[in-house]
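Numbering (our numbering), first residue to last: 2 to 241. Don't be surprised by glycine CBs; every beta carbon is placed ideally from N, CA and C. To start, the structure under review is shown below, and the notes come after it.
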Amino acid sequence: MTIAAPAHKRILLKLSGEALMGDDSFGINRATIVRMVEEIADVTRLGVQVAVVIGGGNIFRGVAGGSVGMDRATADYMGMLATVMNALALADAMDKQGLTARVMSAIAIEQVVEPYVRPKALQYLEEGKVVVFAAGTGNPFFTTDTAAALRGAEIGAEVVLKATKVDGVYTADPHKDPTATRYTKLSFDEAMSRNLGIMDATAFALCRDQKLPVRVFSIIKHGALRRVVMGEDEGTLVYA
Ligand code: UDP
């Protein structure tokens, strides 16, 4: 019997803050985070190197009211700090489940986590540690999707995996339109011309220019991450 090898050696997984909320209205849902870490642990056991860019929407939601009328850059720094909280929670859950995680922050916060240093991140990945990139790009006016594209390109990830609650990109909202069908794959140009809004324009342009494919998949569907890594038909592939 031949054992199939993973289709990817190094992946960049973008987890939105919302992915950590489960069914809660904001914050971190412990059971959800534990389940997610199990999915990640599963693919690391296949020998796949995993880097994670974590969002902050779940925490920011809890304070969003207070940010009304606030200076945009200040609110964005709050958002970046929210991603640091998520990164700490995620890394803690990973450690508890036997994975070695290293959090690296794009903004200096050295008493809490180490700063992002590219060669060090690469070293950790080679050592089989999961690297969690916190604080997005470190700059206001950007998103963690852009951080995923940027870090994905920097570390030479073969694909950016955008985890969502839906198992791919659909012709219409599958919750509203039962006739909606999932795209198996489509090019960046097709995604743009059809206005599919897979990532924000900056993130999308970066991936397209770097010919870094993006796969949209469901993080709540059990085994989907493994299927993606094994190159099976899961989610939607956006290619250059
Ligand atoms: N953010 C930022 N620069 C970055 C990444 C994030 O300013 O490079 C801020 C921004 O305010 C954003 C928040 O952090 O709204 C949380 O990130 P994002 O919305 O991408 O998280 P997600 O929606 O994926 O949970």
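Report whether the distance from the Cβ of residue i to the nearest heavy atom of ligand 1 is below 7 Å.
{"i": "T84", "result": "yes"}
{"i": "G80", "result": "yes"}
{"i": "F143", "result": "yes"}
{"i": "F61", "result": "yes"}
{"i": "E155", "result": "no"}
{"i": "A76", "result": "yes"}
{"i": "A150", "result": "no"}
{"i": "D210", "result": "no"}
{"i": "T165", "result": "no"}
{"i": "S26", "result": "no"}
{"i": "D72", "result": "no"}
{"i": "E40", "result": "no"}
{"i": "N30", "result": "no"}
{"i": "D146", "result": "yes"}
{"i": "G137", "result": "yes"}
{"i": "G23", "result": "no"}
Out of the options, which has the shortest C-alpha to C-alpha gap to residue i?
{"i": "L89", "options": "A76, A107 and V113", "result": "V113"}
{"i": "L243", "options": "P179, G139, F189 and M231", "result": "Because the chain spans 2 through 241 in this model, residue 243 falls outside it and cannot be assessed."}
{"i": "K166", "options": "G28, M22 and I12", "result": "M22"}
{"i": "K163", "options": "M105, D234, V217 and V51", "result": "V217"}
{"i": "D93", "options": "A149, G63 and R31", "result": "R31"}
{"i": "M95", "options": "V51, A65 and A122", "result": "V51"}
Does the beta-carbon of residue i have 16 or more other beta-carbons within 10 angstroms, so that it is buried, or is it exposed?
{"i": "F205", "result": "buried"}
{"i": "I34", "result": "buried"}
{"i": "G137", "result": "buried"}
{"i": "S26", "result": "exposed"}
{"i": "S194", "result": "exposed"}
{"i": "F142", "result": "exposed"}
{"i": "I4", "result": "exposed"}
{"i": "D146", "result": "buried"}
{"i": "V133", "result": "buried"}
{"i": "V118", "result": "exposed"}
{"i": "G18", "result": "buried"}
{"i": "P214", "result": "buried"}
{"i": "T180", "result": "exposed"}
{"i": "A149", "result": "buried"}
Tell me, please, whether the CB atom of residue i is closer than 8 Å to any CB atom in chain C?
{"i": "V35", "result": "Although the question refers to chain C, the structure presented lacks it and comprises just one protein chain."}
Any contact of the stretch 51-58 with the stretch 73-92, i.e. 3+ C-beta pairs under 8 Å? yes
Are the stretch 230-241 and the stretch 185-192 touching, with three or more C-beta to C-beta distances below 8 Å? yes
Ranges of the alpha helix (DSSP H) found wholly within the stretch 110-196, counting only runs of at least 4: 119-127, 145-155 and 189-194
Pairing CB atoms from the stretch 66-73 with CB atoms from the stretch 8-28, are three or more of them under 8 Å? Taking a cut-off of 8 Å for Cβ pairs, the stretch 66-73 and the stretch 8-28 do not touch, as fewer than three such pairs fall below it.
On the three-pair Cβ rule with 8 Å, is the stretch 94-108 touching the stretch 122-130? yes
What are the uninterrupted segments assigned as beta strand (DSSP E) that are 3 or more residues long and contained completely in the stretch 34-105, given in chain order? 50-55
Can at least three beta-carbon pairs, one atom from the stretch 73-80 and one from the stretch 38-49, be found at a separation below 8 Å? Too few Cβ pairs lie closer than 8 Å, so no.
Every unbroken alpha helix (DSSP H) inside the stretch 198-228 [4 residues or more]: Here the runs fully enclosed are 202-210.
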